[in-house]
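Residue numbers (the working numbering), protein chains in the order written: chain W, 1237 to 1547; chain B, 1237 to 1547; chain C, 1237 to 1547; chain S, 1237 to 1547. Heads up: the structure comes next, in structure tokens.
So this is what it looks like as structure tokens:
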């Protein structure tokens, strides 16, 4: 049976100032701190059962360590290790527990230099008793500081100076499917929006115009419930002096957005609402052309935003 | 390769008065009429690309013809046909086009008598030009009569006098997985909430207390965007004199609900908002016990509701 | 110049257990504690600039001390004192500061026995610096425990065994105007919905079927932003085991509601969303008859609810 | 008794192409056409009982005829006529019915040249039977083309090259009160936000930097229910190719906004949600300074926007 990636699991980020970044991610944005070990803090959103969907490690400078994907079954780890090795990709095994709460895993870099991790096992720790919901299907009764805390991880946006090649590599080697794509007026590909699980876009792979630009992560998107929650998210950022880099609705994915950026690391969280889900085994990719609309944003605009390179 | 069910596709319903039922489904609730042939009208929700997720056929009395499930690939049809035949289940092949917009299919009844259909191919017709969205990833620009028209099919609720047996049959023979379950105080199973795609509950299988009660469908649920949309849906029903049978939030699934019932057929649509999605290949079913909460409804109540038997 | 009542100011409530009631009002519902003196705690909603809109005093049993109304100008206090005295109503002057944060006031009982207060001056203390909004037109940056904390006081619902007489008294003597009314099928008045400011209903005056029933307060309503906030309010109550007595939308006033009740005092807060505002100097009262609709509630239902008598 | 303005009533606009403008105001934005006579079309929002809150007259070019304010009582018309005449302001009486659905009125220009109308009587015609709500306190059951049709008129924004003088004139002569104000870093006044009824901002009076700029109207704002409705409003505009000039939230007034502009006349409607209401007879104006915040917009931005001069 062919090995299979099931869905986006987490991102492992590095920051030059762990305390400042924790202020951003926990006090401002609303993540839950689940565990802390060896200079790494493991975070999850209040609607996630899994041990973490984001980790922060203190480092010399801001960076990305890896993006983690969960496989469909335990056997897929060895399956992918064998397969990638056969393709000339250097694969490293990570012992269970090295990344806290997680079983064994493999790591490798795409030809573009984006480091990826595949894992299957992940703990699902209970919320602390005083925070636990009375609903068995909900981990936390309430968020802590920020009522519009992200609900669950949605997608990553990665940049590369040959983004199309990266997107094609993900499809060919990891079995991702294209959900949408966007071509510039000259026919060149600007972005390819791919999914492992086929239900939602999980990685936006965006063209960096500058040749030789390093492999980078632009933002990690988490779902919130509504457009009104985006206004509330913006409130929570503005009251704390956190910079926001855009507010509106994408045409691609139809997702509504509010971007918030950690001032010390430039790591960016997209609060994302709406969009659509795909329950179609024969989905035909939505192929946008620049001339379809005046603006890639259906409403509002994206202002700025910073890529953070892989470390 | 084992045959696989991918997700819930549609329900085929019968009504004693097609025009009156179309008033309910199209004018009041907000479905789009896609096609009409041989006394059957094919409907879809305005956010669905597929040809239909609900069909209505005039008949002597209200009834359910079948519930349709899409397979993961074309080969799964013959795979399931062989397998079910081997299990002693009577399988009928349906020619492509017999159900409009659809490829060939198989039909069979579960031991409980719930008639099911499996299909793979389904057309994705464009919306009429004047109704088409400028967004390539959205079929219709707007709904017609009802601004809170359902967005997409979410789940069915079926009743049986041995619901646990039916749920187990779906899991064992069609590969469904249990997402949640609910046991009465005496330990008996009240409901099992299963999914083909593993992302959301697709069938709620509920115990009918009366022995010998016929296999039945209680309602079909469609997604809307928010709790506010449920208030707007209730508005749309009340202004038209359409009966509603409950308003609130389930604890199971965390779905918020407003039920609306076609007066001439008792076929019921649940407007459903919120809830949660599962992106976890190792999901452990949520096992509710009656003593967990005072009420199965977290907020509000369900009042009445009518089962419609299979025809 | 005739004295004039400007708008609803506050309610002064008594509880047999101040700590338990503060858990309800502050930890669960989300009021801000502004001051505490002589056994009375002064609360306001996080969107109110005024010193308090609700006060709680420990007493032998739950009760209502008075409902406070702000006059249009300082002179209206003496104006009403003279006028009411001339009408044979016993008027008591309250010194400035006796009710904390407030200037001098007068108190009196309506013939039905509902004790009222009129005041003009009220302090507008800043929020603590660390809680203050960066927006000059918003007192608090965020709520504390409950993200759906009420925004501002909206109305009171009082009961009497001759409610029509009470409503007429309020109109004739205090200048209230009728915004809506509701008559039973036999022509008897069930409720009269009156306003001092003429923009929104400020007092619902409801008929108690039992002759001799004491003058009572059923609930105090506070505004929240949306129907989705009502679902969130219900969440906050359910997670804390706070009883709720209804969820839905009234036809009268069009207000959407979720009721929450303090278990130790039965004092009830209505979270209220939607409704409409009147900017019409010639508003003609909306006169409902029982036969207009099947149910006084447009959506959902009210379940239970407790009157708390004047002390 | 001093004459008194009660609240904002309507705006009378001129357009070079009535049919195109009606497409914008009725088909796109969602106004109800109430009546048409002598080249003028009278419109109201679906939650307004009054005959009209906006009128459109075909003219050589786009322009503003007047802004209409309702007085508190019929006597205030003569009261203001006498008073303004005494102040050297030229007052014209308009016969009842000259503006359809309306009683007699007076018109005059402020010293800045903004033509105003005062009226008291206005008809409140029923909605057509097939459109009428079953709720007695709601005119229309549903909107026609646009589900996010504005609910009711909220405020106007007028521009002048001496805006402070205009605001002060409105306060001194018509009894308006200042609710908020905004000063530039050099201490000069940018905007004064005034109200006749004292409950909400009804006129934003904005400084035009260019000396000699003609008196103008920038936009008319109508209330919608929520931030989500603003996204839906933007959808309705984008799908019809209607230009929008901004999306986000003001700091002043806390109003959330989406601007839509009639392409043939540049008349602009602000869909406005949220904000706050004042029920305080002693409200102290909120005095903003440019240095309080980085941007006058709390979230998002205003892009463009066009002033339309008085005709």
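Quick reminder that beta carbons are idealized off the backbone N, C-alpha and C, glycines included.
Closer than 9 Å to chain C by CB, residue i
i               : result
residue 1492(B) : yes
residue 1523(S) : yes
residue 1309(S) : yes
Beta-carbon proximity of residue i to residue j, cut-off 9 Å
i               : j               : result
residue 1522(W) : residue 1417(W) : yes
residue 1244(W) : residue 1330(W) : no
residue 1460(B) : residue 1469(B) : yes
residue 1308(S) : residue 1517(C) : yes
residue 1505(B) : residue 1456(B) : yes
residue 1283(S) : residue 1512(C) : yes
residue 1278(W) : residue 1312(W) : no
Nearest-angstrom Cβ-Cβ length linking residue i and residue j, presumed shorter than 8 Å
i               : j               : result
residue 1428(S) : residue 1399(S) : 7 Å
residue 1501(C) : residue 1252(C) : 7 Å
residue 1317(S) : residue 1250(S) : About 25 Å; that fails the 8 Å criterion.
residue 1390(C) : residue 1449(C) : Between residue 1449(C) and residue 1390(C) the Cβ distance is about 25 Å, and since that is not below 8 Å, they are no contact.
residue 1487(B) : residue 1415(B) : Going by Cβ atoms, the distance from residue 1487(B) to residue 1415(B) rounds to 14 Å, so no, they are not a contact pair.
residue 1242(W) : residue 1290(W) : The pair is not a contact, with the Cβ atoms about 18 Å apart (cut-off 8 Å).
residue 1394(C) : residue 1433(C) : Their Cβ separation, rounded to whole angstroms, is 17 Å, which puts residue 1394(C) and residue 1433(C) out of contact at 8 Å.
residue 1529(B) : residue 1370(W) : 7 Å
residue 1490(B) : residue 1492(W) : Not really, about 21 Å apart at Cβ, beyond 8 Å.
Chain B within 9 Å of residue i, Cβ atoms only
i               : result
residue 1528(W) : yes
residue 1435(W) : yes
residue 1470(S) : no
residue 1464(C) : yes
residue 1485(C) : yes
residue 1520(W) : yes
Helix, strand or coil at residue i according to DSSP, with G and I counted as helix
i               : result
residue 1477(C) : coil
residue 1299(C) : strand
residue 1409(S) : helix
residue 1428(S) : strand
residue 1516(B) : coil
residue 1442(S) : strand
residue 1309(S) : coil
residue 1379(C) : coil
residue 1347(B) : coil
residue 1190(C) : Given a span of 1237 to 1547 for chain C in the structure shown, any question on residue 1190(C) remains unanswerable.
residue 1340(B) : coil
CB contact check: residue i to chain S, cutoff 9 Å
i               : result
residue 1548(W) : Since the first residue of chain W shown is 1237 and the last is 1547, residue 1548(W) is not available in this structure.
residue 1489(C) : yes
residue 1351(B) : no
residue 1535(W) : yes
residue 1548(B) : Examination of residue 1548(B) is not possible in this model, given that chain B is present from 1237 through 1547 alone.
residue 1315(C) : no
9 Å Cβ cutoff, residue i in contact with chain W
i               : result
residue 1377(C) : yes
residue 1283(C) : no
residue 1475(C) : yes
residue 1517(B) : yes
residue 1504(S) : no
Interface residues of chain A facing residue i [CB-CB closer than 8 Å]
i               : result
residue 1460(C) : Any reference to chain A falls outside this structure, whose protein chains are W, B, C and S.
Residue i CB to nearest heavy atom of the ligand SAH below 8 Å
i               : result
residue 1238(C) : Annotation note on the ligand SAH: not contained in the displayed structure, which lists no ligands.
- Query: Does the region 1367-1379 of chain W come within contact of the region 1468-1485 of chain C, defined as at least 3 CB pairs closer than 8 Å?
  - Reply: yes
| Are the region 1443-1451 of chain S and the region 1528-1538 of chain S in contact at 8 Å, needing three or more beta carbon pairs? | no
Original post:
Quick check: the region 1272-1280 of chain C against the region 1340-1353 of chain C, are there 3 or more CB pairs under 8 Å?
Top reply: Cβ pair count under 8 Å is below three, so no.
Quick one: any contact between the region 1252-1267 of chain C and the region 1487-1501 of chain C, if contact means 3 or more CB pairs under 8 Å? yes
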